[in-house]
Every structure is written in structure tokens, then in C-alpha cells.
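Protein chains: 2
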Amino acid sequence: MPTFVPNGEDRETIYSCYVIDKSHKLLGVVSVKDLLLAKDDAIVGDLMDTSVISVTTVEDQEEAARLLAKYDLLALPVVDKENRLVGIITIDDAIDVLNQETTEDMQIMAATKPSEEPYLKTSVMELAKNRIVWLMVLMISDMVSGGILGTFEDALTALPVLITFIPMLTDTGGNAGSQSSTLVIRGLALKEISIKDFFPVLSKEIGVAMLCGFVLSLFNFIRIVIVYPGNYLLAATVGGAMFCTVLMAKSIGGVLPIIATRFNMDPALMASPLITTIVDAGSLLIYLNIAKMCLTL
Amino acid sequence: MPTFVPNGEDRETIYSCYVIDKSHKLLGVVSVKDLLLAKDDAIVGDLMDTSVISVTTVEDQEEAARLLAKYDLLALPVVDKENRLVGIITIDDAIDVLNQETTEDMQIMAATKPSEEPYLKTSVMELAKNRIVWLMVLMISDMVSGGILGTFEDALTALPVLITFIPMLTDTGGNAGSQSSTLVIRGLALKEISIKDFFPVLSKEIGVAMLCGFVLSLFNFIRIVIVYPGNYLLAATVGGAMFCTVLMAKSIGGVLPIIATRFNMDPALMASPLITTIVDAGSLLIYLNIAKMCLTL
Chain A
60 MPTFVPNGED
70 RETIYSCYVI
80 DKSHKLLGVV
90 SVKDLLLAKD
100 DAIVGDLMDT
110 SVISVTTVED
120 QEEAARLLAK
130 YDLLALPVVD
140 KENRLVGIIT
150 IDDAIDVLNQ
160 ETTEDMQIMA
170 ATKPSEEPYL
180 KTSVMELAKN
190 RIVWLMVLMI
200 SDMVSGGILG
210 TFEDALTALP
220 VLITFIPMLT
230 DTGGNAGSQS
240 STLVIRGLAL
250 KEISIKDFFP
260 VLSKEIGVAM
270 LCGFVLSLFN
280 FIRIVIVYPG
290 NYLLAATVGG
300 AMFCTVLMAK
310 SIGGVLPIIA
320 TRFNMDPALM
330 ASPLITTIVD
340 AGSLLIYLNI
350 AKMCLTL
Chain B
60 MPTFVPNGED
70 RETIYSCYVI
80 DKSHKLLGVV
90 SVKDLLLAKD
100 DAIVGDLMDT
110 SVISVTTVED
120 QEEAARLLAK
130 YDLLALPVVD
140 KENRLVGIIT
150 IDDAIDVLNQ
160 ETTEDMQIMA
170 ATKPSEEPYL
180 KTSVMELAKN
190 RIVWLMVLMI
200 SDMVSGGILG
210 TFEDALTALP
220 VLITFIPMLT
230 DTGGNAGSQS
240 STLVIRGLAL
250 KEISIKDFFP
260 VLSKEIGVAM
270 LCGFVLSLFN
280 FIRIVIVYPG
290 NYLLAATVGG
300 AMFCTVLMAK
310 SIGGVLPIIA
320 TRFNMDPALM
330 ASPLITTIVD
340 AGSLLIYLNI
350 AKMCLTL
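One line per chain: the protein sequences are A and B, in this order.
Quick note, this note's numbering runs 59 ahead of the 1-based positions in the first sequence.
Quick note, this note's numbering runs 59 ahead of the 1-based positions in the second sequence.
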């Protein structure tokens, strides 16, 4: 004989009533709405919905919040391994959890160790500790780009104007890659994109990169021909490097978050800071090799 | 005499009952919980709460969602200018709105025009259109950094090793600034930070920058002394430039989103891509000027 969980004024929500047996096992759910609209002689056992969506105590809070949001539930019962009702998560908890998870994602995407405290309540020491590890890791990785520049020192000193295009090329590469990775990371978080979308994402990013790359490349070609009259080879070098950089950056930015997911890493790690570091080295290699070929340095 | 809004099976929610008068003006709210727990002879006029939280039809959907989340409401009445009840927003709508607004924030933070369509359903042409404007704007802004490098061409060709530290300095500056701006942008979105926190944020960022800057700077100093034995001036130049770059980057990254808010701009614009572009130019100026002074180029 199912018993009815008592509810009252002190309960946070009374709109989902969970039906349990004597050993507290969850049998079903009946909403107050169903109760109110039911006939007077109906019994709870008939009214209740036995296919209850529930979470177990060991489940991730994010998963619980996502279930609440997905099925438009007001509350979600929490059961133990033996399917005994041990608690309820309500929709207002879910909003807090979702907000908190998004904040965490954003912090990771900004190369910061996530902190649960609000910004203003976090001490300077704590903030510095959360940030220094990634700053150090990325700074050391950036030495690869420095090494590439060192290798091409002769070319750069022979034609110093080449140096002036470096920030534009590496930054545009970083921006192009970050655009792609951010959209894919968010898509993965919202479950709009999954691992099986690897090739659709890659082909989309290649398409977008060809369009954006062409426009940016053409702009540079024309600008350089105007600023350095007749220097078509320089214009072609920078324009060509720009096109290849955008293509590389968007391909890497698009697929790295998916690859991270595949290997059970947080895709949010594959955001702007890491993408920028990888793309920097790549764009310098592309640019300086094209320069060496075209300008016979 | 107040009348009771009829509710029933076809309604999305029946747990908040809004009390209106004959001209549909909103008088109060009574929850089903209160009704169920009330004495049988209680009248609705006594049970209802007359201080109803409501939104008007012209209000931003984000504001409505935030009110629902803030006050842990299941539903929020929507009224017209004459306080007549015209609709209800429910908590599940609010979750969708909050998710959508976060996605929009992230897209803007990645220098992309926000799109309401999921990534995989957006055409290549549309994605390219959303991205090209910011890529172009930032690329043109990056020419400032190119110009700075051009001005210091003599110094760079006289001591080419200087070139190899550029990616590390500009990228670390960009990363340091993005960390700060992302945390402040998110704090502003969650209303944890407001315009009046300008100075607390600035002083916190300066503190964090001094700690992080010191560690990164010391690391570089030691590394350079080891790799280029005895070249203390080069080590001091790079170390000093690193410290100043991190200090500048974190100050700018921390306060720009607040300044944007003050001028009614979206703080999310002041994210990684724009910060990186500004910080790049700043860090090159710092680095090359210190180099000129220390290394008497």
C-alpha cells in the first residue's frame, strides 16, 4: 500500500508529491495540479505517474539541473542506490547550478582556475593563485613562437618590414580561432554539438575560414600594393599568409574542443588563450616560410 | 469585488493564481500552496499577497528571467501600462532565456555577432557574416602594433634577439588582461559587480598583477641569465617589460568592462579580442622603450 509523503508549510515546494512505499522506495509522482483536477474518489495509486525522472545521490549537480531544464520540471527527486527517496532538488536550485556552471566554464575559457566565490569576495592572493598557473604554462608555450622567430632572424633583419605584419597576422589568427572554439565550446555545453559532429563542424569551419580569409587577405593585398607601390610579392606574401592563417586557426579552433571532449577533457580548456598560443606558432611558421619562398630571402 | 482568474488543465502552470478586478487590473497573487493550506472559509482577498512582483510588456526578457531567478518564483505576471494582466512568464521560459543570454554574451566575448540559431543550423555564409566585421575591425586596429614595431625597426635589427621575446610578452599580456576582463564581465552579468565597484576592482587587479607579474618576471630574468650568460641588461629588459605589461593588462582588463557599462555599452565587448589588441600595442611600447633605455640602442 503506497503511502503519501506528508507536505506542509515548511516545505520548499509542495507541487510535486512523491509517492513512496513503507521502505521509502520511490513509486511515482503526482502533481498537485493532477490532485486538484482529479475526481474526489480517485486514489493516489491511480493518479500517480510511475515513470518518475529522478537522479541518484552520486550524480553531478549539473546533470540534475539539465534534467530539470530539459523536461520543464519544477522539482526532481533524489534517490539512493536502493531507489529510496532521500531528497528533492527544486527548479530554483537548478538555475543557481546552471549559472554557477556557466561561470566556471567562462573562468576556464579565460585560463583561470574556477573559483566558487564571487569576484569581489575573493582575496588578491586567491585570485593570483587561480591565474598564475595558466599564465606560466602559456608563457612557456609561447617560447615556441619565439624560437620560430629566432630561426628566421636572418630573413627578418634582411627585410625588417616583415616584422611589422607579425602582430596583425598572429592576432587575427588568434581571433579567428577563438571565434570558432567559443561557438563550439558553447554548443558542446548546451549539448547542441556532440563528438559525432566532428566532420560537420570541421567542414563548416573550413567554409567560414575560406570566406573570411579571402576578404581579409584581399584587403591586405590591396593595402600593401597601395602603401608599398609595386611590391606585389610582399602583398602576396602577407595576403597568402593571412588566408592560410585563418584557415588553420578556424580548423584548429573548431575541432580541438571536440577532440578534448572525446578524451574526457573539459572542452572549455580549448578556448582563446590556448588556441591563441597554438595559432601564434602556426601563423609564424606559415608566414615566414611563405616569405622565404616568395621573397627569396 | 475581485474575481479569480480561472485556471485549468490547459494552463501551463496553475500554481500561481493572479487576482484581478473586472477591468483585468492585477490586484494580487495567491499560490495554490496558500489556498490548500488555508481555512475553508478564508476568502481570496484576504489570502492574496498584494505586493506582486510583475513585469511590463516592454521590459527586457532578460530582466524578467532575472527577477524569476532572484525571487525564486515559479511564474511572473506580465502587465500592460494600465497594470492589466496580459500574460504569464514561467520559470522554464526563464531558464531558456538565461541560457540564451549567456550564449549571446559568450559570442560577443568571442568577437562574433550573436546568432539565435544553434551552431550546426547556421549556414556558412551566416557564420562568416557574423564573424568578418570584428575580424576586420581588430585586424585594422592591430596595424597600430605593426606601426610601433616599424618605429623601432632600427633597434630590432640592431639586436634581433629582442624580436624573439615579442610573442611571449604580447601573448602573456593578452592572457593576463583576458583573465581579468572575463571575470569582471561575468561579475557584471550576474550583478555581483556594479559601476560603483570601479576602484575596488582596479585595486584588486593591481594587487593580483603585482603578484603574477613578479613571478613571471622573475622566471624570465633567471631564464635569460642562464640562456644568455651574463646578459643582465637583456634579462632586466624582458623581466621589467613583463612586469609592466601584466600590470597594464590587468588594470585595463579589469576596468574597461566597467567603463563600458557606465557608457551603456555591452561590457561583453571588452573581452579577450579587444583587450588583446589594446594590450598588444601597449606591451610593445613598454618593451621597446625599456629596451631602448636599458640597452642604449
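The beta carbon of each residue, even a glycine, is placed where N, CA and C say it ideally should be.
All figures in this text were calculated on a predicted structure; none of them were measured in a lab.
Within 8 angstroms, strictly: CB atoms of residue i and residue j
i, j, result
"Ile191 (chain B)", "Val274 (chain A)", "yes"
"Ile252 (chain A)", "Leu179 (chain B)", "yes"
"Met198 (chain A)", "Thr231 (chain B)", "yes"
"Ala169 (chain B)", "Ser237 (chain A)", "yes"
"Gly272 (chain A)", "Phe302 (chain A)", "yes"
"Leu347 (chain B)", "Met329 (chain B)", "no"
"Asp164 (chain B)", "Ala319 (chain B)", "no"
"Val145 (chain A)", "Val111 (chain A)", "no"
"Met227 (chain A)", "Asp201 (chain B)", "yes"
"Ile147 (chain B)", "Leu135 (chain B)", "yes"
"Leu270 (chain B)", "Ala187 (chain A)", "yes"
"Thr171 (chain A)", "Leu242 (chain B)", "yes"
"Glu212 (chain B)", "Pro219 (chain A)", "yes"
"Leu261 (chain B)", "Ser331 (chain B)", "no"
"Phe334 (chain A)", "Gly313 (chain A)", "Note on identity: in this sequence residue 334 (chain A) is Ile, with Phe being the wrong assignment. Result no, Cβ atoms of Ile334 (chain A) and Gly313 (chain A) do not sit closer than 8 angstroms."
"Asp80 (chain A)", "Thr116 (chain A)", "no"
"Ile265 (chain A)", "Ile317 (chain A)", "no"
"Asn158 (chain A)", "Ser174 (chain A)", "no"
Environment of residue i [buried if 16+ CB atoms lie within 10 Å]
i, result
"Asn234 (chain B)", "buried"
"Asp339 (chain A)", "buried"
"Glu68 (chain B)", "Any reading at Glu68 (chain B) needs caution, since the residue's pLDDT is 44, under 50, leaving its predicted position unreliable; the model's value is listed next. Counting Cβ neighbours within 10 Å, Glu68 (chain B) comes out exposed, since fewer than 16 surround it."
"Gly341 (chain A)", "buried"
"Glu3 (chain B)", "Nothing in the structure corresponds to residue 3 (chain B), since chain B is present only between 60 and 356."
"Val286 (chain A)", "exposed"
"Glu321 (chain B)", "The sequence shown places Arg at residue 321 (chain B), rather than the Glu named in the question. It is exposed - the Cβ of Arg321 (chain B) has fewer than 16 other Cβ atoms within 10 Å."
"Thr109 (chain B)", "exposed"
"Leu277 (chain A)", "exposed"
"Lys263 (chain B)", "buried"
"Ala268 (chain B)", "buried"
"Ser239 (chain A)", "buried"
"Ala248 (chain A)", "buried"
6 angstroms CB neighbourhood of residue i in its chain, flanking five on each side removed
i, result
"Leu343 (chain A)", "Ser204, Ile207"
"Asn142 (chain B)", "Lys84, Leu85"
"Ala294 (chain B)", "Phe280, Ile283, Val284"
"Leu127 (chain A)", "Leu135, Ile150, Ala153"
"Leu215 (chain A)", "Leu221, Ile222"
"Pro65 (chain B)", "Here Pro65 (chain B) scores only 43 on pLDDT, less than 50, and its place in the model should not be relied on; the value that follows carries that caveat. Closer than 6 angstroms at Cβ, skipping near neighbours: no residue."
"Gln166 (chain A)", "Pro173"
Where residue i falls: helix, strand or coil (DSSP)
i, result
"Asp392 (chain B)", "Limits of chain B in this structure are 60 at one end and 356 at the other, which puts residue 392 (chain B) out of reach."
"Ser182 (chain B)", "coil"
"Ala101 (chain B)", "coil"
"Thr149 (chain A)", "strand"
"Leu275 (chain B)", "helix"
"Lys84 (chain B)", "strand"
"Ile252 (chain A)", "coil"
"Val78 (chain B)", "strand"
"Ala319 (chain A)", "helix"
"Ala134 (chain B)", "strand"
"Val89 (chain A)", "strand"
"Val117 (chain B)", "coil"
"Ala308 (chain A)", "helix"
"Pro219 (chain A)", "coil"
"Asp325 (chain B)", "coil"
"Ala170 (chain A)", "coil"
"Val287 (chain A)", "Note on residue identity: the sequence assigns Tyr, not Val, to residue 287 (chain A). DSSP places Tyr287 (chain A) in coil when its eight states are reduced to three."
"Phe211 (chain B)", "coil"
"Phe224 (chain A)", "coil"
"Ala187 (chain A)", "helix"
"Ala330 (chain B)", "coil"
Sequence-distant residues of the same chain with beta carbon closer than 8 angstroms to residue i, five excluded per side
i, result
"Phe63 (chain B)", "Legend: pLDDT at Phe63 (chain B) = 46, less than 50; position of this residue unreliable, value from coordinates given subsequently. Excluding positions up to five away in sequence, the list reads Cys76, Val78, Val103."
"Glu345 (chain A)", "The amino acid occupying residue 345 (chain A) in the given sequence is Ile; Glu does not appear at that position. For Ile345 (chain A), where only same-chain residues beyond five positions count, the Cβ hits under 8 angstroms are Ala300, Cys303, Thr304, Met307."
"Leu95 (chain B)", "none"
"Ser90 (chain A)", "Tyr74, Ser75, Cys76"
"Ile244 (chain A)", "Asp164, Met168, Pro316, Pro326, Ala327, Met329, Ala330"
Proximal residues to residue i (C-beta, below 7 angstroms), its chain only, five neighbours per side dropped
i, result
"Ile349 (chain A)", "Thr296, Gly299, Ala300"
"Val156 (chain A)", "Gln120, Glu121, Ala124"
"Tyr291 (chain B)", "Val284"
"Pro259 (chain A)", "none"
Beta bridge counterpart(s) of residue i as assigned by DSSP
i, result
"Leu19 (chain A)", "Any question about residue 19 (chain A) goes unanswered here, given that chain A covers just 60 to 356."
Contact test: residue i Cβ vs the ligand NAD heavy atom, cutoff 7 angstroms
i, result
"Arg282 (chain A)", "Although the ligand NAD was asked about, the structure shown includes no ligands whatsoever."
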